[in-house]
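Scroll down for the structure; my scribbles are underneath it.
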Amino acid sequence: MTNRKKPEELRSHRWYGVKDLRSFGHRSRTAQMGYHQSDYAGKPVIAIINTWSDINPCHSHFKARVEEVKRGIWQAGGFPVEMPAMSLSEPFQKPTTMLYRNLLAMETEELLKSYPADGCVLMGGCDKTTPALVMGALAMNLPTIFMPAGPMLRGDYKGGTIGSGSDTWKYWAELRAGNITENDWQEVEDGIARSPGHCMTMGTASTMTSAVEVLGLTLPGAASIPAPDSRHAQMATLTGKRIVDMVWEDLKPLDLLTEGSFTNAVTAVLALGGSTNSVVHLIAMARRASIPLTLDRFDELARITPVIANLRPSGAYLMEDFYYAGGLRAFLGQLGSAIDGTQLTCNGKTLGENIQGAKVYNEDVIRPLAKPLVERDGLAVLYGNIAPKGAVIKPAAMEQHLRKHTGRAVVFKDYNDMSARIDSPDLDVDKDSVIVLQSAGPQGAPGMPEWGQLPIPQKLLKQGVRDMLRISDARMSGTSYGACVLHVTPESHVGGPLALVRDGDMITIDIDARGINMLVSDEEIAKRKAAWVKPIPKFTRGYGVLYLKHIQQADVGCDFDFLEPGYSEGAEPQTASGEPEIH
Ligand code: FES
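Position 286 of the sequence shown, counting from 1, maps to 285 under numbering that gives the first Met the number 0, and the rest follow consecutively.
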């Protein structure tokens with residue numbers, strides 16, 4: 000190949016290759032770790048950003064996988080350097096991993112910037128790790144490849160399958176309604192997560208790893224392989240091999256990402272019945288690449304894209320079934336001309352070439368276009384006097400009689416208020432009521448947690464109610480189900496109209512008309528707004544202060560303003576290229 004980089008053109012050459020005192024220090028310290036010069040001289044240094052942690056069950060196999068990635072890098076003539084990064088563990092990190100997505104993005108960017116990396120392998124998968132790693136890598140734009148954690152095996156309960164999140168909420172509601180016993184509940188706990196890997200419903204993890212594969216940042220087929228499958232280990236080695244060639248070819252993520260590749264990713268997410276969280280993450284990722292992607296684009300595509308993956312929470316199956324049915328390559332093939340196959344991917348081939356020949360082996364899991372799970376509206380973007388800058392709902396995963404609905408608001412001023420009163424027998428609520436949660440957005444919660452699947456009051460559960468209209472400025476787990484209006488923007492904490500809703504106000508939603516409104520006069524809304532008192536900030540020190548100062552709203556992806564391209568506070572860059580000085 001004529002345009003292959005020369006060794007002296009490698010970024011790491013500045014650390015290792017020049018003859019001066021500084022490079023002596025770098026080489027002697029590399030020797031200290033047991034490497035001979037022949038191990039690394041003139042070779043691409045590949046940073047492996049590994050989000051393994053003892054407290055992240057979704058990445059518990061990454062200690063083994065990273066060795067497989069390294070094996071591939073060695074075999075292809077590279078020098079692997081593992082760099083641990085903050086692990087955002089969805090089940091454990093409080094108040095929410097979303098508070099830290101941008102911190103991991105910053106850490107990724109700064110690791111790549113400050114060390115001698117020529118290219119990188121990103122190892123993630125648990126919800127926010129995927130967008131965070133990609134956002135950080137986009138800022139550096141070194142050759143980059145993503146190695147997804149892969150979904151865990153199907154859950155097992157009383158001879159049937161159970162899925163992460165989706166079946167937790169389902170059986171929790173049954174327990175609260177008195178329909179299952181504590182022993183049954185214990186069996187759910189023991190069988191729902193029984194291998195390494197991320198959630199195996201079409202939650203945020205599977206949605207985002209699939210989106211990243213469609214964007215061309217993983218090898219073809221990588222996102223669907225279950226974590227414990229030996230083919231996942233093979234994929235790790237292949238990923239390590241490929242990144243070395245990407246460095247020599249100087250194939251960078253901004254060469255792959257285009258408006259067309261993001262249209263493909265959004266289309267795929269919609270046809271998968273993917274998580275509403277992907278709206279926030281994909282918009283943030285696109286903005287990092289200076290590619291315009293808006294809420295309205297999601298809505299436009301949702302109106303014409305059928306849901307063809309029969310996966311929970313919208314459908315019946317789990318990611319293991321999806322893999323055996325042909326996986327993402329077969330799924331993309333099934334979407335036909337809705338996918339632009341000309342987009343370039345990290346293996347140097349087009350998306351169309353990568354999916355050529357892929358076959359669907361189970362048409363109940365990956366449906367033909369003529370027999371979709373849902374005709375359209377995998378998600379919908381709503382506007383109105385409650386959400387002037389938009390809100391999101393997932394019509395594919397809710398009871399359809401609530402698509403057009405009017406009901407009386409039952410308002411909780413924050414999460415603690417809701418926890419204290421939701422199950423009270425005195426709560427004035429019925430099945431047609433609209434439950435409203437305030438102060439759950441990016442600034443209000445803070446961190447915009449996945450509280451948006453607001454609980455159904457116990458007294459209604461006992462009456463058999465399993466879905467109600469619920470509204471908040473929170474997000475919702477991608478594994479959740481229900482008529483939950485999310486991401487209301489602007490959020491209540493900054494004075495958005497959601498803060499002005501009161502008990503008893505009539506609220507109306509019309510998904511086909513894309514409307515969400517409180518039936519309150521403009522004069523009354525203005526009066527309430529004038530009386531609104533700005534709440535005090537939730538943090539007084541540390542990272543939280545930085546977060547509150549710079550976090551943006553959900554409609555633009557909740558990135559920090561200073562991390563987006565074009566941001567400037569007027570300071571001169573330290574070096575002309577933005578690269579660090581090497582001392
Ligand atoms: Fe890690 Fe769901 S908890 S992906």
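C-beta atoms are modelled at their ideal positions from N, C-alpha and C, and glycine is treated no differently.
* Just to confirm, are residue 100 and residue 138 a CB contact at a threshold of 8 Å? -> Sequence index remark: in the sequence shown, residue 100 carries index 101 (1-based). Sequence index remark: in the sequence shown, residue 138 carries index 139 (1-based). Going by C-beta atoms, residue 100 is not nearer than 8 Å to residue 138.
* Asked: Considering residue 134, what are the terminal residues of the alpha helix (DSSP H) in which it resides?
  -> Within the sequence shown, numbered from 1, the residue matching residue 134 stands at position 135. Residue 134 -> alpha helix (DSSP H) spans 128-139.
* What are the residues that DSSP puts in a beta bridge with residue 329? -> As a position in the sequence shown, residue 329 is number 330, starting the count at 1. Per DSSP, none; premise fails for residue 329.
* Can you tell me which of the three DSSP states residue 201 falls into? => Residue numbering aside, residue 201 sits at position 202 when the sequence shown is read from its first letter. Reduced to three states, the DSSP call for residue 201 is coil.
* Please determine if the region 324-334 and the region 342-359 are in contact, where contact requires at least 3 C-beta pairs separated by less than 8 Å. => Yes, the region 324-334 is in contact with the region 342-359.
* Please go through the same chain and pick out, in chain order, the residues whose beta-carbon is closer than 6 Å to the beta-carbon of residue 519, but skip the five residues on each side of it. => If you number the sequence shown from 1, residue 519 lands on position 520. Contacts found: 504.
* Asked: CB-CB under 6 Å to residue 537, same chain, minus the five flanking residues each way: which ones, in chain order?
  -> For the purposes of this step, residue 537 is taken as residue 538 along the sequence shown, with counting starting at 1. The residues are 445.
* Within its chain, find whatever has a CB closer than 8 Å to the CB of residue 253; leave out the 5 residues flanking it on each side and keep chain order. => Numbered from 1 along the sequence shown, position 254 holds the residue referred to as residue 253. Around residue 253, the same chain offers 137, 140 and 288 as residues with beta carbons nearer than 8 Å, after the five sequence neighbours per side are excluded.
* Starting from the C-beta of residue 411, find all residues in its chain whose C-beta is less than 6 Å away, skip the five residues before and the five after it, and write them out in chain order. => Position 412 of the sequence shown, counting from 1, holds the residue named residue 411. Cβ neighbours of residue 411 beyond the five flanking positions: 417 and 436.
* Specify whether the region 180-192 and the region 218-235 touch according to this definition: at least 3 beta carbon pairs, one from each stretch, less than 8 Å apart. => Short answer: they don't touch.
* **N- and C-terminal bounds of the beta strand (DSSP E) containing residue 505** => Mapped onto the sequence shown, residue 505 falls at position 506. Run containing residue 505: 505-509, per the beta strand (DSSP E) assignment.
* Going by the C-beta, is residue 492 closer than 7 Å to any heavy atom of ligand 1? -> Your numbering for residue 492 matches position 493 in the sequence shown. No, since every heavy atom of ligand 1 falls outside the 7 Å radius drawn around the Cβ of residue 492.
* To do: Kindly indicate the opening and closing residues of the beta strand (DSSP E) around residue 219.
  => On the sequence shown, position 220 is the one that residue 219 refers to. Neither: residue 219 is in no beta strand (DSSP E) and is coded neither H nor E.
* When the distance is taken between beta carbons, is residue 45 closer than 8 Å to residue 17? -> One-based indexing of the sequence shown puts residue 17 at position 18. One-based indexing of the sequence shown puts residue 45 at position 46. Contact: no.
* Give the straight-line distance between the Cα atoms of residue 494 and residue 368, rounded to the nearest whole angstrom. => In the sequence shown, the residue the question calls residue 494 occupies position 495. In the sequence shown, the residue the question calls residue 368 occupies position 369. Approximately 43 Å between the Cα atoms of the pair.
* Return yes when the Cβ of residue 379 is within less than 8 Å of the Cβ of residue 488, no when it is not. => Indexing the sequence shown from 1 puts residue 488 at position 489. Indexing the sequence shown from 1 puts residue 379 at position 380. At a Cβ-Cβ threshold of 8 Å, residue 488 and residue 379 do not count as neighbours.
* Verify the contact flag: residue 560, CB atom, against every heavy atom of ligand 1, threshold strictly below 7 Å. => Position 561 of the sequence shown, counted from the start, is the residue given in the question as residue 560. Not a single heavy atom of ligand 1 lies less than 7 Å from the C-beta of residue 560.
* To do: Alpha carbon to alpha carbon, how far is residue 235 from residue 583? Give it in angstroms, no decimals.
  => Residue 583 falls outside the range modelled here, since the chain spans only 0 to 582, and no answer is possible.
* Out of 453, 471, 342 and 265, point me to the one whose CA is closest to residue 210's CA. => For the purposes of this step, residue 210 is identified with residue 211 of the sequence shown, where counting begins at 1. Ranking 453, 471, 342 and 265 by Cα distance to residue 210 puts 265 first.
* **Exposure of residue 14, with buried meaning 16 or more beta-carbon neighbours within 10 Å** => Translated into the one-based positions of the sequence shown, residue 14 becomes position 15. It counts as buried.
* To do: State the DSSP-derived secondary structure class of residue 284, mapped to helix, strand or coil.
  => Taking the sequence shown and counting its residues from 1, one reaches residue 284 at position 285. The three-state secondary structure of residue 284, taken from DSSP, is helix.
* Classify residue 411 as helix, strand or coil using the three-state DSSP reduction. => Locating residue 411 in the sequence shown gives position 412, counting from the first residue. Strand.
* To do: Report buried or exposed for residue 335, applying the criterion of at least 16 other Cβ atoms within 10 angstroms of its Cβ.
  => Stepping through the sequence shown from its first residue, residue 335 is reached at position 336. Counting every other CB atom within 10 Å of its CB across the protein chains shown gives residue 335 a total below 16, marking it as exposed.
* Going by C-alpha distance, which of 480, 239 and 544 is nearest residue 166? -> The sequence position of residue 166 within the sequence shown is 167, counting from 1. Minimum Cα distance to residue 166 is reached at 480.
* Asked: So residue 252 is in the alpha helix (DSSP H); what residue range does that whole segment cover?
  -> Taking the first residue of the sequence shown as position 1, residue 252 is located at position 253. Taken as a continuous stretch (DSSP letters only), the alpha helix (DSSP H) holding residue 252 covers 252-255.
* Give the DSSP-derived three-state secondary structure of residue 55 in the structure shown. => Residue mapping note: residue 55 aligns to position 56 of the sequence shown, counting from 1. Coil, per DSSP.
* Asked: Near residue 125, which residues of its chain fall below 7 Å by C-beta distance, leaving aside the five closest residues on each side in sequence?
  -> Reading the sequence shown from its first residue, position 126 is the one you call residue 125. Closer than 7 Å at Cβ, skipping near neighbours: 55, 57, 58, 87, 88, 89, 148, 197 and 204.
* Asked: Can you tell which of 61, 578, 188 and 208 has the C-alpha that lies nearest to the C-alpha of residue 195?
  -> Locating residue 195 in the sequence shown gives position 196, counting from the first residue. Here the closest residue by C-alpha is 61.
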